[in-house]
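Read through the structure below, which is laid out as structure tokens, and then see the notes.
There are 4 protein chains.
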Amino acid sequence: MKALRYHGARDVRYESMDDPTPQSDRDAIVQVTACSICGSDLHIYHGHGFSEDLGFCVGHEAVGEVVEVGRGVQRLKVGDKVMLPAAVGCGRCRSCLSGVIQTCENGQGACYGLSARLQGSQAEAVRVPAADMNAVPVPDGVSMDQALMMTDALATAWFGARNAEVRPGASVAVIGLGPIGLMAVESAYVMGAHVVYAIDPLPARRALAEEAGAIALHPDEALARVREDTKGRGLDCVIEAVGGEATVDAALRLVRPRGVVSVIGVQQAKRFAFPLERAFGAGLTFRVGTCSVPEELPALFPLVRSGRLRPEKYISHRLPLSDGPEAYRLFESREAGALKMVLTPG
Amino acid sequence: MKALRYHGARDVRYESMDDPTPQSDRDAIVQVTACSICGSDLHIYHGHGFSEDLGFCVGHEAVGEVVEVGRGVQRLKVGDKVMLPAAVGCGRCRSCLSGVIQTCENGQGACYGLSARLQGSQAEAVRVPAADMNAVPVPDGVSMDQALMMTDALATAWFGARNAEVRPGASVAVIGLGPIGLMAVESAYVMGAHVVYAIDPLPARRALAEEAGAIALHPDEALARVREDTKGRGLDCVIEAVGGEATVDAALRLVRPRGVVSVIGVQQAKRFAFPLERAFGAGLTFRVGTCSVPEELPALFPLVRSGRLRPEKYISHRLPLSDGPEAYRLFESREAGALKMVLTPG
Amino acid sequence: MKALRYHGARDVRYESMDDPTPQSDRDAIVQVTACSICGSDLHIYHGHGFSEDLGFCVGHEAVGEVVEVGRGVQRLKVGDKVMLPAAVGCGRCRSCLSGVIQTCENGQGACYGLSARLQGSQAEAVRVPAADMNAVPVPDGVSMDQALMMTDALATAWFGARNAEVRPGASVAVIGLGPIGLMAVESAYVMGAHVVYAIDPLPARRALAEEAGAIALHPDEALARVREDTKGRGLDCVIEAVGGEATVDAALRLVRPRGVVSVIGVQQAKRFAFPLERAFGAGLTFRVGTCSVPEELPALFPLVRSGRLRPEKYISHRLPLSDGPEAYRLFESREAGALKMVLTPG
Amino acid sequence: MKALRYHGARDVRYESMDDPTPQSDRDAIVQVTACSICGSDLHIYHGHGFSEDLGFCVGHEAVGEVVEVGRGVQRLKVGDKVMLPAAVGCGRCRSCLSGVIQTCENGQGACYGLSARLQGSQAEAVRVPAADMNAVPVPDGVSMDQALMMTDALATAWFGARNAEVRPGASVAVIGLGPIGLMAVESAYVMGAHVVYAIDPLPARRALAEEAGAIALHPDEALARVREDTKGRGLDCVIEAVGGEATVDAALRLVRPRGVVSVIGVQQAKRFAFPLERAFGAGLTFRVGTCSVPEELPALFPLVRSGRLRPEKYISHRLPLSDGPEAYRLFESREAGALKMVLTPG
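Which chain is which? The protein sequence lines are Z, L, P and D, in order.
Letter by letter, the first sequence follows residues -16 to 329 of my numbering.
Letter by letter, the second sequence follows residues -16 to 329 of my numbering.
Letter by letter, the third sequence follows residues -16 to 329 of my numbering.
Letter by letter, the fourth sequence follows residues -16 to 329 of my numbering.
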């Protein structure tokens, strides 16, 4: 089959590779109908990936159709339309059955497309381990575009807002307005925020946040503006959706005493100089982590189906999978309003 | 001064009565600039009130200006614009200081305008006991109309939705579309409901609920429609905003297993035939009660100020206080789209 | 095999019946090593059961060893020691996979031993549908006696205290001191209650509650004593573990404004005269329902393993299964300190 | 009057100073009957205090009797037995009235005995600002010793366990077994922990934790033991009660994915090298801060009164206030089992 394979920094190629095959009777093979590029794929693209492997297929956001199921697969059948959450669990332990991969009792949580261990889904087909858990049928009323956005980006945005404890009446900031940050703005409003400050250096992204109802600010003006609006107190909830030390530090300056900072930007810095003394006086909650997609779906499906969340509007480009290398280049450049890049095989 | 006084069933008169005077140095006198009629005032109007008294001034929704404060009043001064929450607390105990009157440790919670014990506020002026707690300064950015709507109706609607445990993604029904029910619809959406079914026999009220985004249903069709839409399961949350046995029973039929019914309609039936066996199998939460207005204000003020909640749009009529008797008649009739009737002294 | 079969009021017989066989490849057959009698079995014994069937095998509390598994069973094998939660779910839907049977999306929740539809477990062997979910391996450090107590009684007691929202520092009452009520007393203390009033007419049962640290009261004295101790306010949380109208009414009198009543006694009255007016003034939460055993196990296993909960001490009698009819008679009589009656096949 | 005054590193003297006098009509003067030394007083004692002032009176834990009240004090009278929470709020804003000083809307939160701005309470008498809020009558059934322990130490321990989200069934570690750490062990058990690992280098302190039911470990062995017991997963909740960078780092190693670290040790390091990458993979909550004593009292009073918490047992020494300098020396040395040092004026 054809797939996007990683060969080193800024070297992602559209190439042939072996068709995926089941490795256990609980696996399924899914023919990809659409896949997309995540901000965290850029870490790999920049040569700062999560393994030393070369030649593996990248990508962890995909939807498609089941074309083969093992004998032990009980809840899926060939022909089912499915979405593939970015990370997979063992599908057997109580934690995974409840939808939380991070606390998998068998320690088998893994993300597609980070190494040769679990090939990615920017490809014509992909192997899905423990498919009963890890391939989710797309429910009636949810489009394949919407499902694709839920395989990672919307679920992460929603989780980020939940982790920030956004309550009805809350004041919120979102730092970083890529697709995830923009959907975090929308998520915060659905959860009842009375105001969301949306912070990003790019004017085009700020404009999109304003369309979603936010007060859009350049990073250089954010702290002064928030302090003025809140009489020096700060905000109830701050969501960091960048993945940098400076933005995490900014989040900790924007939050009020007893407030919550939620970090969802993928972090590659091993250590961060946490302002312990200041946090101690204020009494802060600092929450860091990745979502488990299945855990978020029970709330997201009805909200997407009813139109309260419209993740598909952040799809900015659609290209054939064969143009994957160009899509990466464009996404990295942030040119042409690049937000979510969707790639279509075949 | 002039006031609306209760003299028996359907006999509310605009008459003179003694000016209010402080009874303790913690009291304040507030000159009423606007007051309004609540659905629960109709219980009194119908002769099914909460005491045997005659001649007392009715009403418990008012805003105005402080014209006199006792020596022990520390946080108010003459000239302050204030709203008067419908019920008053002792203002000394830990519960009242935290804003919850129902658990007043001194058992002093009381509502205006139910008897001669605490005269009502459909008057030119009103005595406010423990005024530091019971008269709330209207914050910047909140209009007096909005503040008036928050003295009871919006606070009760919001509380009703909170008591129903409306979470992001929830499915909700509101039974009864008076001003409180309509604002409960809006509250449920602010809390993240993906769908709200709004149920009332009056087409005009259903039309208003549809404007707010709800699926509006006649009571006769509600159960069948909800069962169809939910494949027989029922809804996560049901809010009863009528105050009748049939509507409470309907609420318990609409809710799903492990769901929550929240009753906020003022109940005068002493007992209700609760479907215990059915509830046991399903595992239900049944929550009944009135709000404590000060408890709801920290969330409501910013939501009203930012425009996410617009209670003032449910003001249907404005009349001089001297037309109070006509206002009661019109409100009772539900004619002319009567929703919130605002009365202005002087 | 031999089993206890129901033939009418007070007519449970130790008889032969067909050996259980798998009805689906997801079923397992479990050889029962111990089973026990639940208070709700007495409803059937009294001829007020849940079906019109005769001749079916009763009982829903059992532990044993897996002796046969269908091809579709993935997480169990022959020889596993298992406990059988009283009610079974479909084991496929998201709700059942999360452990909550009441909201089974396939509507397949059912309890053993209520009718011929799902034969009971007071028998030498029992068929377990969807065995991956419905037969739970007994973890290391948990004895088979403890596991047996967790198949229903302890899980229900714990759930009852959770439903009553027992928080650290709470004041609690438990009405009815059968095994479930006694374990609800212990559960409330583990959750941080500062006081538990334990109410029952039987002195022997009150004595056991006192050993557990409770203030034990006869029903006739309970209300006066609680009012005195709480200066008329009432208790934060009340758990009804009887299943009668008078005791539910007593629970609603004992609770404070804004408090919670949790009903776990099996209810057979179709309707209950709920004190709606009083509840409205006080603002009460009334919660009714049965537990889903798998939902409670993640908290219960470590608490039992560490000895903080010792359910096995409420086993009062051990008899051979062949003495089942005598065990029912003794349990019904409440003689000889009868609490949990354990029956051993073979 | 006589008081303990700070004159530089390890130079606390028992000296005369001016009697305290009211600075506002909302102040009260309290004659101190007992005061005590907190671990955080050692920061000052070591010359690493929170101001450059010299000569001020130290200490922030005291109980006593009201001897003078301003005209604006409404809820206290001369002769009342009171406890003085370590930090004071404005007593006027909604946050302070609800008991949370950290979010005081007037920014007036302050701790006794950190500088000349608010003199300490290791003295014969102390001025209490906004006394209606900041002097708490000792309730019936609570001894003055118990009240003294609640002015800071027990409230902080309890808050630390709450911040760690200790739930029934949780596994917990407490790092640092001074009086606060030891009471955090007890608090965790009251909240339902099934196991508490108590970690400290001092054998005598570990022995006390074992008496409280904990598994006591030396810091050098803690991580290996916890990993073994939890099969590598880590603990649900970790409470840091030391105030050092190494112990905060240890806390972050002991916690499981999706677990909570609660830091209550007083932190003087400005920055801490937070393990951001590791936390991101695991999904952690990191909570840092000081308690607001009034917020904790509603749960603590009944738990202390009923004997579920016995803070007084951690009083190790009682000396006259005139021996204050010796008490500091002894407490610093940790000799003679020094835990809570109580000083008595007069």
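Cβ atoms here follow ideal geometry from the backbone N, Cα and C, with glycine treated the same way.
Distance between beta carbons of residue j and residue i, contact taken as under 8 Å
i: residue 217 of chain Z; j: residue 237 of chain Z; result: 6 Å
i: residue 158 of chain L; j: residue 221 of chain L; result: 7 Å
i: residue 87 of chain P; j: residue 79 of chain P; result: 5 Å
i: residue 16 of chain D; j: residue 47 of chain D; result: 5 Å
i: residue 29 of chain D; j: residue -8 of chain D; result: 6 Å
i: residue 144 of chain Z; j: residue 114 of chain Z; result: Their Cβ separation, rounded to whole angstroms, is 29 Å, which puts residue 144 of chain Z and residue 114 of chain Z out of contact at 8 Å.
i: residue 19 of chain L; j: residue 325 of chain L; result: 5 Å
i: residue 280 of chain P; j: residue 119 of chain P; result: 7 Å
Coil, strand or helix - residue i by DSSP
i: residue 218 of chain P; result: strand
i: residue 26 of chain Z; result: helix
i: residue 194 of chain D; result: helix
i: residue 268 of chain D; result: strand
i: residue 321 of chain Z; result: coil
i: residue 107 of chain P; result: coil
i: residue 56 of chain P; result: coil
i: residue 97 of chain D; result: coil
i: residue 327 of chain Z; result: strand
i: residue 228 of chain P; result: helix
i: residue 223 of chain P; result: strand
i: residue 233 of chain D; result: helix
i: residue 252 of chain L; result: coil
i: residue 260 of chain P; result: helix
i: residue 51 of chain P; result: strand
Residue interval of the alpha helix (DSSP H) (run including residue i)
i: residue 277 of chain L; result: 276 to 288
i: residue 308 of chain D; result: 307 to 316
i: residue 202 of chain L; result: 202 to 212
i: residue 77 of chain D; result: 77 to 80
Range of the contiguous beta strand (DSSP E) that encloses residue i
i: residue 246 of chain P; result: 238 to 246
i: residue 256 of chain L; result: 255 to 257
i: residue 303 of chain Z; result: 298 to 303
i: residue 66 of chain L; result: 64 to 67
Residue i CB to nearest heavy atom of the ligand FAD below 6 Å
i: residue 271 of chain P; result: For the structure depicted, the ligand FAD is absent and the ligand set is empty, with no information on it obtainable.
**OP:** Mind listing, in chain order, the continuous alpha helix (DSSP H) runs of no fewer than 4 residues lying wholly within the segment 112 to 184 of chain Z?
**Re:** Within the segment 112 to 184 of chain Z, the complete alpha helix (DSSP H) segments at least 4 residues long are 114 to 117, 127 to 133, 136 to 146, 162 to 173, listed from N- to C-terminus.
Subject >> Under 9 Å (Cβ pairs) to chain A, residues found in the segment 153 to 175 of chain L >> reply: Going by chain labels, chain A is absent from the structure shown, which instead holds the protein chains Z, L, P and D.
Original post:
With a cut-off of 8 Å, do at least 3 Cβ pairs link the segment 222 to 229 of chain P to the segment 237 to 251 of chain P?
Top reply: With a cut-off of 8 Å, the segment 237 to 251 of chain P and the segment 222 to 229 of chain P count as touching, because enough Cβ pairs lie within range.
Subject >> Runs of beta strand (DSSP E) wholly within the segment -12 to 47 of chain L (minimum 3 residues, chain order) >> reply: You should have -5 to -1, 11 to 19.
Subject >> Given 8 Å, three or more beta-carbon pairs between the segment 270 to 286 of chain L and the segment 273 to 291 of chain P >> reply: Touching, no.
Original post:
Should the segment 296 to 314 of chain L be called in touch with the segment 165 to 180 of chain Z, which here means at least 3 C-beta pairs below 8 Å?
Top reply: By the C-beta criterion, the segment 296 to 314 of chain L is judged not to be in contact with the segment 165 to 180 of chain Z, since fewer than 3 inter-stretch pairs fall below 8 Å.
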